[in-house]
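Enquirer: Mind looking over this structure? Questions follow.
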Amino acid sequence: MLRPQTMNLLRACTFLLLFLAAPAWAGDRITIAAAADLKFALEEIVVAFRQAHPADQVETIYGSSGKFHTQIQQGAPFDLYFSADIAYPRLLEKEGLAASPVRPYAFGRIVLWSASRDARKLTLADLADPSIRKIAIANPRHAPYGKRAEEALRSVGLWEKVKDRLVMGENIAQTAQYVQSGNADVGIIALSLALNKELAAKGGYALIDDKLHAPLEQGFIVTRRAAGNTLAKQFADYMGSPEARRIMVRYGFVLPGEAAGK
Amino acid sequence: MPSPSDWSAIWLTLKLASVTTAILLLIGTPIAWWLARTRSWWKGPVGAVVALPIVLPPTVLGFYLLVAMGPNGPVGQFTQWAGIGLLPFTFTGLVIASVFYSMPFVVQPIQNAFEAIGERPLEVAATLRATPLDAFFSVAVPLAKPGFLTASILGFAHTVGEFGVVLMIGGNIPDKTRVVSVQIYDHVEALEYTQAHWLSAGMVVFSFVVLLALYTLNPTGRKK
Numbered sequence: 038m039l040r041p042q043t044m045n046l047l048r049a050c051t052f053l054l055l056f057l058a059a060p061a062w063a064g065d066r067i068t069i070a071a072a073a074d075l076k077f078a079l080e081e082i083v084v085a086f087r088q089a090h091p092a093d094q095v096e097t098i099y100g101s102s103g104k105f106h107t108q109i110q111q112g113a114p115f116d117l118y119f120s121a122d123i124a125y126p127r128l129l130e131k132e133g134l135a136a137s138p139v140r141p142y143a144f145g146r147i148v149l150w151s152a153s154r155d156a157r158k159l160t161l162a163d164l165a166d167p168s169i170r171k172i173a174i175a176n177p178r179h180a181p182y183g184k185r186a187e188e189a190l191r192s193v194g195l196w197e198k199v200k201d202r203l204v205m206g207e208n209i210a211q212t213a214q215y216v217q218s219g220n221a222d223v224g225i226i227a228l229s230l231a232l233n234k235e236l237a238a239k240g241g242y243a244l245i246d247d248k249l250h251a252p253l254e255q256g257f258i259v260t261r262r263a264a265g266n267t268l269a270k271q272f273a274d275y276m277g278s279p280e281a282r283r284i285m286v287r288y289g290f291v292l293p294g295e296a297a298g299k
Numbered sequence: 089m090p091s092p093s094d095w096s097a098i099w100l101t102l103k104l105a106s107v108t109t110a111i112l113l114l115i116g117t118p119i120a121w122w123l124a125r126t127r128s129w130w131k132g133p134v135g136a137v138v139a140l141p142i143v144l145p146p147t148v149l150g151f152y153l154l155v156a157m158g159p160n161g162p163v164g165q166f167t168q169w170a171g172i173g174l175l176p177f178t179f180t181g182l183v184i185a186s187v188f189y190s191m192p193f194v195v196q197p198i199q200n201a202f203e204a205i206g207e208r209p210l211e212v213a214a215t216l217r218a219t220p221l222d223a224f225f226s227v228a229v230p231l232a233k234p235g236f237l238t239a240s241i242l243g244f245a246h247t248v249g250e251f252g253v254v255l256m257i258g259g260n261i262p263d264k265t266r267v268v269s270v271q272i273y274d275h276v277e278a279l280e281y282t283q284a285h286w287l288s289a290g291m292v293v294f295s296f297v298v299l300l301a302l303y304t305l306n307p308t309g310r311k312k
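Going down the list, the sequences are from chains A and B. Note that our numbering has the first sequence beginning at 38, numbered continuously upward. Note that our numbering has the second sequence beginning at 89, numbered continuously upward.
What follows is the structure, given as C-alpha cells:
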C-alpha cells in the first residue's frame, strides 16, 4: 500500500507530465537546422514568413554545418537543413536522407573584422604585422568559412606566417564572438555576421577578394522526415520569394541567380 | 590508428590534468582543512562557492572566464599590466579554468577525510607538545591519506573529462589547448568516425581503469 504522501507526489508528477506533454500549438510546426552564418538573416526571413502563417511555429537552431550533417544522419528531428557548404546536404541526398533536391540558396563571403581596430582598410597582408597577436578563424577542418579563410591565407602566402597566432572557433559565430570579446584582435568571419547591427557598430570590416578562395556555395534540403510536411515545403519555396531574397542580399549573401559574374 | 595530432592531444590532456591536480592539492588542502575545522559563519558560504562548479553548467564558467580574462576584464587588465599578456587560448588559461572546474572534486574528499579524523588525535598530539603545524603534517595528513588519494584521482579524471569550458576559452590550438575531448568533437564534425572511435574507446577504457583503481585501492573501502 502506498502512503498518502506518496500518492500525492505521484498525482503531482502525473499532472506535471500531462501538462508538459500537452500540445502547446494548434498549427503545424517545423524545425530548421541552419549554419551559424545565417543567424541574423534567417531570423528575419522566419519573421516575414510567419506573417502569412501566424498559426504555425517555426523553430530555428544554429550551429556548425558539419555537426548538423552528422545529427541528421543519426535521425535528428530537423525538417530543413541549411548548410554553409553545399557538399553536406549533397552527402545526405546521396544517402537518401533528403526529401527535396539540394537547392543552392546563396554564396557566402568572408571578411576581415575587428572590434578593437579600424578594420575597414585592413588587408590580408596586414595580418603579417606581429602587433596582431591573435587571429580568429573558424576551424578549417570542418567549418566551411574556416576552410575558405585558410585558402585565402594560403593564396596570399601568409598561412605559414600567421599559423601560430590563429585561434579556431567551433563555428563562424563563435569565431566572431572571440573577436567581439576582444580576445582575438582580428577575425576572418562571414560577411552576413559582420553586417549584423551589433557587430557593425564596432571597427568595420574589409571584404576579402573572393578570387582568393573556392566559392562558398551554400545549399539546403528538406529532410526525409519532413517529406509529408507541407509547412516545410512552403518554407523551402519561400526562400525563393522576393522578400526572402531581399533579406539575404541585405546580409551580404550573393544569390545563385545573380552569381554568374562573380 | 591515432594520428600524430591525436597523440599530441592525449599528451596535452595528461599534462593539463597533472598540473591542475598538483595545483589543486596545494591550494585545496588548506581550504579543506579550514572547512573541516572552522566554526566560523563563513563555512557555509565558502563551502558553497567551492561546490559551485558541480552545479553550474560549464558554459557559465567558460563565459565568465572568457570575459574576465579578456582585454577588458579585470583579470585580463591585470595580466596585461603584469606583462603576461592575455590568458584565453593559452595553456595557462586552461590550467586556471580547470582549477576552478575541478576544485570541488579535490577539496571535498580531503575535507571529509579531515572531518573523519576528529579532534582526538590532534589533542593527543598537542599534549605530546607537537606544534599545530607539526600535528598537521605528522598526524592529520597521514590519517587523511585515503582522502588525498581519492581527491587526486577524481581531480585528475574530472579535468581529463573537461569539455565545455575548454571549447569556450581554448580556441582549439594544437599542443596548447586542443585536448582529447575537443579533438574527438572535431573528428566527429569532420566525419572522421574511425579516428573518433579510437580516441573515444581510449577514453572509456581510461575512465574505467581510473574508477576501478579508485574503488579497489582506496583503503577506506577495505576496512569494511
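Beta carbons are placed, not taken as given, at the ideal position from N, Cα and C, and that holds for glycine. Note that the structure is a prediction, hence the values are computed from the model and not measured.
In angstroms, rounded to a whole number, what distance separates the CA positions of A70 of chain A and I198 of chain B?
Expert: Each residue's alpha carbon lies about 46 Å from the other.
Enquirer: Note down, in chain order, each residue of its chain lying with its Cβ closer than 6 Å to the Cβ of Y242 of chain A, except the 5 sequence neighbours on either side.
Expert: Result list for Y242 of chain A: V148, W150, A156, A231, in chain order.
Enquirer: Are the C-beta of V155 of chain B and some C-beta of chain A separated by less than 9 Å?
Expert: So yes, V155 of chain B belongs to the interface.
Enquirer: Where does S229 of chain A sit, in a helix, a strand or coil, going by DSSP?
Expert: Correct three-state label for S229 of chain A: helix.
Enquirer: Using the C-alpha atoms, what's the distance from I241 of chain B back to V298 of chain B?
Expert: Their backbone Cα atoms lie some 7 Å apart in a straight line.
Enquirer: In the DSSP assignment, find the unbroken beta strand (DSSP E) run with P141 of chain A in it and report its ends.
Expert: It spans 140–145 - the beta strand (DSSP E) in which P141 of chain A sits, taken as one unbroken run.
Enquirer: Tell me which residue opens and which closes the alpha helix (DSSP H) that F294 of chain B is part of.
Expert: 281–305 is the span of the alpha helix (DSSP H), which, as asked, contains F294 of chain B.
Enquirer: Could you tell me if Y215 of chain A is buried or exposed, where buried requires 16 or more neighbouring beta carbons within 10 angstroms of its beta carbon?
Expert: Counting Cβ neighbours within 10 Å, Y215 of chain A comes out buried, since at least 16 surround it.
Enquirer: Using the Cβ count rule (16 or more neighbours within 10 Å means buried), how would you classify K76 of chain A?
Expert: Buried is the call here.
Enquirer: Tell me which residue opens and which closes the beta strand (DSSP E) that M205 of chain A is part of.
Expert: Residues 203–206.
Enquirer: Closer than 6 Å by C-beta to N176 of chain A: which residues in its own chain qualify, once you throw out the five before and the five after it? Chain order, please.
Expert: The residues are G183, M205.
Enquirer: Over the uninterrupted beta strand (DSSP E) stretch that includes T160 of chain A, give me the two end residues.
Expert: Looking at the DSSP string, T160 of chain A is not in any beta strand (DSSP E), and its letter there is neither H nor E.
Enquirer: Whose Cβ in chain A lies nearer than 7 Å to the Cβ of V276 of chain B?
Expert: Those within 7 Å of V276 of chain B in chain A are T107.
Enquirer: Since P126 of chain A contacts G256 of chain A with CB under 8 Å, what's their CB separation in whole angstroms?
Expert: Between G256 of chain A and P126 of chain A the Cβ distance is about 5 Å, and since that is below 8 Å, they are a contact.
Enquirer: Check each candidate in B:A245, B:V268, B:F166, B:Y273 and name the one with the smallest Cα separation from P92 of chain B.
Expert: Taking only the C-alpha atoms, the option nearest P92 of chain B is B:V268.
Enquirer: Taking just the CA atoms, how far does M191 of chain B sit from A139 of chain B?
Expert: Computed Cα separation, rounded: 8 Å.
Enquirer: Give the straight-line distance between the Cα atoms of G294 of chain A and L253 of chain A, rounded to the nearest whole angstrom.
Expert: Approximately 15 Å, taken between the alpha carbons.
Enquirer: Mind reading off the beta-carbon distance from I272 of chain B to G150 of chain B? Whole number of angstroms is fine, and I expect it under 8 Å.
Expert: The Cβ separation is near 18 Å, so there is no contact.
Enquirer: Give me the chain B residues within the contact set of K184 of chain A, using Cβ-Cβ distance strictly less than 7 Å, ordered along the chain.
Expert: Neighbours of K184 of chain A on chain B: none; closest Cβ ~11 Å, over 7 Å.
Enquirer: Please report the distance separating the alpha-carbon of V270 of chain B from that of V254 of chain B.
Expert: Between V270 of chain B and V254 of chain B, the C-alpha separation is close to 8 Å.
Enquirer: What distance in whole Å lies between the Cβ atoms of L117 of chain A and F290 of chain A, which are believed to be in contact at a cut-off of 8 Å?
Expert: That belief does not hold up - the Cβ atoms of F290 of chain A and L117 of chain A are roughly 17 Å apart, past 8 Å.
Enquirer: Give a yes or no on whether 9 Å exceeds the smallest Cβ distance from Y273 of chain B to chain A.
Expert: Closer than 9 Å: yes.
Enquirer: Taking 9 Å as the cut-off, decide whether the C-beta atoms of L79 of chain A and I109 of chain A are in contact.
Expert: No.
Enquirer: Tell me whether T109 of chain B is buried or exposed, calling it buried when 16 or more other Cβ atoms sit within 10 Å of its Cβ.
Expert: Classification for T109 of chain B: buried.
Enquirer: Quick one: grab the DSSP three-state call for S168 of chain A.
Expert: It is coil, neither helix nor strand.
Enquirer: Taking 9 Å as the threshold (beta carbon to beta carbon), is R146 of chain A in contact with chain B?
Expert: Chain B, which has no Cβ nearer than 9 Å to the Cβ of R146 of chain A, makes this no.
Enquirer: Go through its chain and collect everything with a Cβ distance to K158 of chain A's Cβ below 7 Å, but skip five positions before and after it.
Expert: A243, listed in sequence order.
Enquirer: Determine which residues share a DSSP beta bridge with S302 of chain A and list them.
Expert: Absent from the structure is residue 302 of chain A, since the part of chain A shown begins at 38 and ends at 299.
Enquirer: Around the Cβ of T167 of chain B, are there at least 16 other Cβ atoms within 10 angstroms (buried) or fewer (exposed)?
Expert: Result: buried.
Enquirer: For a contact defined as C-beta to C-beta under 7 Å, what are the partners of N176 of chain A on chain B?
Expert: N260, D274, listed in chain order.
Enquirer: Measure how close the beta-carbons of A269 of chain A and I67 of chain A come, nearest whole angstrom, since I'm counting them as under 8 Å.
Expert: With 8 Å as the limit, A269 of chain A and I67 of chain A qualify as a contact, their Cβ atoms being about 5 Å apart.
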